[in-house]
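Count the sequence shown with the working numbering and you get residues 123 to 588, in order.
Notes follow once the structure below has been shown.
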Amino acid sequence: RGWSSRVLRAMRADTAPVTLTGVVRKRRSLSRLLAFIDLETDDTSTVALVADGWFLLKTIVAGLRVRVTGVWETPCETRGARLALVTDGVTVLEDVRSENAWENASASAAWRARVRETGASADTTVNLMGPDSFAEVPTVAATYPTMCLSWSDFGRCPDPTCLRRHAASSRWETQRQKRAEARRAGTGGCLSGNAHARRTERNELEHENKNVNSEADGEHGAADAAKSKHNLVFAKWLVDTFGVAKLKGGSNDTNRGGVVDIAGGRGLLSFELALTHGVPATLIEPKPLPVLNKKLRKRIKKWRVGRGGSDKDGQVFQDSSDNAPHRCDDKSPDETNPVRVICASFLGMGDGDADDANGENGEKNEKQKSTEKTELQIAIESAAVLVAMHPDQATDFFVTTALALKKPFAVVPCCVFVGLNEHRKLADGTTVATYDQMMDYYQSLHPEIQRERLPFRGRRDVLFKL
Numbered sequence: 123r124g125w126s127s128r129v130l131r132a133m134r135a136d137t138a139p140v141t142l143t144g145v146v147r148k149r150r151s152l153s154r155l156l157a158f159i160d161l162e163t164d165d166t167s168t169v170a171l172v173a174d175g176w177f178l179l180k181t182i183v184a185g186l187r188v189r190v191t192g193v194w195e196t197p198c199e200t201r202g203a204r205l206a207l208v209t210d211g212v213t214v215l216e217d218v219r220s221e222n223a224w225e226n227a228s229a230s231a232a233w234r235a236r237v238r239e240t241g242a243s244a245d246t247t248v249n250l251m252g253p254d255s256f257a258e259v260p261t262v263a264a265t266y267p268t269m270c271l272s273w274s275d276f277g278r279c280p281d282p283t284c285l286r287r288h289a290a291s292s293r294w295e296t297q298r299q300k301r302a303e304a305r306r307a308g309t310g311g312c313l314s315g316n317a318h319a320r321r322t323e324r325n326e327l328e329h330e331n332k333n334v335n336s337e338a339d340g341e342h343g344a345a346d347a348a349k350s351k352h353n354l355v356f357a358k359w360l361v362d363t364f365g366v367a368k369l370k371g372g373s374n375d376t377n378r379g380g381v382v383d384i385a386g387g388r389g390l391l392s393f394e395l396a397l398t399h400g401v402p403a404t405l406i407e408p409k410p411l412p413v414l415n416k417k418l419r420k421r422i423k424k425w426r427v428g429r430g431g432s433d434k435d436g437q438v439f440q441d442s443s444d445n446a447p448h449r450c451d452d453k454s455p456d457e458t459n460p461v462r463v464i465c466a467s468f469l470g471m472g473d474g475d476a477d478d479a480n481g482e483n484g485e486k487n488e489k490q491k492s493t494e495k496t497e498l499q500i501a502i503e504s505a506a507v508l509v510a511m512h513p514d515q516a517t518d519f520f521v522t523t524a525l526a527l528k529k530p531f532a533v534v535p536c537c538v539f540v541g542l543n544e545h546r547k548l549a550d551g552t553t554v555a556t557y558d559q560m561m562d563y564y565q566s567l568h569p570e571i572q573r574e575r576l577p578f579r580g581r582r583d584v585l586f587k588l
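So, in structure tokens, the structure goes:
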């Protein structure tokens with residue numbers, strides 16, 4: 123006779139096969155590889171069987187009288203004794219099911235009641251290894267492996283014939299029961315030391331820190347906005363912090379190019395500044411803009427009509443067929459597009475100070491200046507304020523360029539990129555490797571760089587210089 127992998131794991135050197143005869147009362151298939159059977163033997167004792175699902179036919183269901191062969195698994199704390207069936211270890215002797223479904227249900231309920239009554243004592247055992255064997259094995263009711271979740275969560279079980287344990291036998295079950303008792307008592311269900319309590323304490327601490335920042339800033343709301351609203355929140359913060367006049371570039375200001383949004387992705391920050399606050403915006407992004415959604419297209423049409431243009435003026439931005447970038451030689455957006463676009467990767471530009479600050483990236487800067495210097499230089503040098511929301515690899519170039527050109531700026535850094543910026547060192551010589559270290563490093567570059575927290579979810583600390 124063949125042996126399944128489960129039987130081989132359960133066998134010991136002194137283990138002998140056991141043959142039982144009885145009626146299948148319940149079958150539970152956990153997966154195609156594992157199945158469980160409750161077998162009521164001829165002496166009305168219930169035994170738990172376990173088998174590999176591949177070898178246990180689907181026709182073996184409740185109501186069949188069968189003969190089974192297997193070996194006893196070693197009992198443990200989390201479950202009682204189980205008989206691991208051998209391959210082809212089930213033989214159907216008789217089908218005792220009735221044609222009436224109600225009679226079958228009554229038979230199942232009667233079996234549950236017998237198991238409940240038999241298992242009233244935890245010492246209930248049964249000898250199933252033959253008259254010559256003295257080994258006694260606990261019945262299913264005495265050591266049923268599963269705790270009743272209704273009893274644990276609600277303090278009561280509605281099933282009078284429930285076979286599951288109405289007691290906790292492990293640390294996990296005890297904690298679950300105590301949490302349920304705490305919830306019913308109205309104390310929130312937190313246990314000191316467990317993961318749920320630690321998460322709650324961490325969330326409360328973060329909420330307190332957010333409230334402190336909100337009180338200090340004045341403009342932040344009591345609750346954080348969704349992560350998808352970060353561009354709207356950042357645009358409002360820019361207007362409140364810098365003022366519309368400074369973002370546009372006043373009449374006495376030589377920097378009259380508005381805001382330059384570096385590595386701005388889909389340009390949502392630039393659109394928000396241009397359409398909502400009337401701030402001229404230039405977007406520097408290496409990827410062509412995707413097709414704008416319907417809501418944004420309607421806002422652009424409304425903006426065109428407000429400027430005396432037609433709502434059918436051309437396409438928005440470059441044609442996707444040739445990816446031709448919009449020029450920024452003029453000082454303001456044209457009549458059809460509220461945001462100017464430069465399709466280019468930003469690798470820094472400006473005087474030698476910016477190149478020296480990036481060290482090993484100087485060669486890349488020289489290559490870029492030779493091909494795209496005109497567009498980038500006009501856009502950056504004429505900008506009133508440089509901004510960036512989660513610019514990723516461009517963060518280091520952004521900060522060093524803004525400082526070299528003495529431009530006001532605001533940036534919300536995101537990723538650290540340790541391998542790409544090994545030149546970043548703290549005052550004690552430590553290489554910048556974490557988010558907080560990166561923020562401290564950038565603040566150390568200039569005494570006027572400030573740091574605030576924006577009210578939205580995700581990376582939300584903004585570094586800025588007025």
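We treat Cβ as the ideally placed atom computed from N, Cα and C, and that holds for glycine.
Less than 8 Å between the CB atoms is what I'm expecting for residue i and residue j, so what's the real figure, rounded?
{"i": "Val534", "j": "Phe364", "result": "15 Å between Cβ atoms; not a contact."}
{"i": "Arg147", "j": "Ser272", "result": "Rounded, the Cβ-Cβ distance is 21 Å, inconsistent with contact."}
{"i": "Val381", "j": "Val507", "result": "5 Å"}
{"i": "Arg219", "j": "Gly185", "result": "3 Å"}
{"i": "Ile603", "j": "Pro460", "result": "One cannot answer for residue 603 here, as it falls past the ends of the chain, which runs 123 to 588."}
{"i": "Leu155", "j": "Arg234", "result": "The pair is not a contact, with the Cβ atoms about 27 Å apart (cut-off 8 Å)."}
{"i": "Leu498", "j": "Ala466", "result": "6 Å"}
{"i": "Leu411", "j": "Gly389", "result": "6 Å"}
By Cβ distance, which residues of its chain are closer than 8 Å to residue i, with the 5 residues on each side in sequence left out?
{"i": "Asp583", "result": "Val534, Pro535, Met561, Arg573, Glu574, Arg575, Leu576"}
{"i": "Glu295", "result": "Met269, Ser274"}
{"i": "His399", "result": "Ala357, Val361, Val366, Leu369"}
{"i": "Glu303", "result": "Gly277"}
{"i": "Ala290", "result": "Met269, Ser274, Thr296, Arg298, Gln299"}
Over what stretch of residues does the alpha helix (DSSP H) that includes residue i continue unbroken?
{"i": "Lys420", "result": "416-428"}
{"i": "Arg301", "result": "293-307"}
{"i": "Ser153", "result": "Taken as a continuous stretch (DSSP letters only), Ser153 belongs to no alpha helix (DSSP H), being part of the beta strand (DSSP E) at 140-153."}
{"i": "Thr163", "result": "Taken as a continuous stretch (DSSP letters only), Thr163 belongs to no alpha helix (DSSP H), being part of the beta strand (DSSP E) at 156-163."}
{"i": "Asp362", "result": "352-364"}
{"i": "Val521", "result": "517-526"}
{"i": "Leu390", "result": "390-393"}
{"i": "Asp383", "result": "Asp383 -> not in any alpha helix (DSSP H); beta strand (DSSP E) instead, spanning 381-384."}
{"i": "Phe276", "result": "271-276"}
Sorted by chain position, which residues of the same chain lie with C-beta nearer than 6 Å to residue i's C-beta, five sequence neighbours on each side aside?
{"i": "Arg298", "result": "Ser274"}
{"i": "Asp346", "result": "Pro577, Phe578, Arg579"}
{"i": "Val212", "result": "Ile182, Val188, Val190"}
{"i": "Ala396", "result": "Ala403, Pro460, Val461"}
{"i": "Ser228", "result": "none"}
Does the beta carbon of residue i sit closer than 9 Å to a beta carbon anywhere in chain C?
{"i": "Gly470", "result": "No chain C appears in the structure shown, which is made up of a single protein chain."}
Excluding the 5 residues preceding and the 5 following residue i in the sequence, name in chain order all residues of the same chain whose CB lies nearer than 7 Å to its CB.
{"i": "Lys349", "result": "Phe578, Arg579, Gly580"}
{"i": "Ser151", "result": "Ala157, Gly175"}
{"i": "Gly252", "result": "For Gly252, the predicted structure reports a pLDDT of 45, less than 50, and the residue's modelled location is therefore unreliable. A value from the coordinates is still provided. For Gly252, where only same-chain residues beyond five positions count, there are no Cβ hits under 7 Å."}
{"i": "Asp160", "result": "Arg147, Lys148, Thr168, Ala170, Val262"}
{"i": "Glu394", "result": "Asn353, Leu354, Ala357"}
{"i": "Ile384", "result": "Ile406, Phe468, Leu508, Ala510, Pro513, Ala516, Phe520"}
{"i": "Glu162", "result": "Gly144, Val145, Arg147, Thr168, Trp233"}
{"i": "Tyr563", "result": "Arg546, Leu548, Val554"}
{"i": "Pro280", "result": "Ser272"}
{"i": "Glu216", "result": "Arg187"}
{"i": "Lys570", "result": "Residue 570 is actually Glu in this sequence, not Lys. Hits under 7 Å: Lys587."}
{"i": "Leu542", "result": "Gln515"}
Where do the ends of the beta strand (DSSP E) carrying residue i lie?
{"i": "Asp583", "result": "583-587"}
{"i": "Asp281", "result": "Where Asp281 is concerned, there is no enclosing beta strand (DSSP E), given that its DSSP letter is neither H nor E."}
{"i": "Leu508", "result": "507-511"}
{"i": "Leu405", "result": "403-406"}
{"i": "Ile464", "result": "461-464"}
{"i": "Glu120", "result": "There is simply no residue 120 to check, as the chain begins at 123 and stops at 588 in what is shown."}
**OP:** Note down, one range per segment and in chain order, each beta strand (DSSP E) of at least 3 residues found wholly within the segment 168-216.
**Re:** 168-173, 186-194
Original post:
For the 8 Å Cβ check, are there 3 or more pairs between the segment 524-543 and the segment 397-411?
Top reply: no
Original post:
Counting only runs that start and end within the segment 535-566, where is the alpha helix (DSSP H) found for 4 or more residues in a row?
Top reply: If we require 4 residues or more, the alpha helix (DSSP H) runs fully inside the segment 535-566 come out as 557-565.
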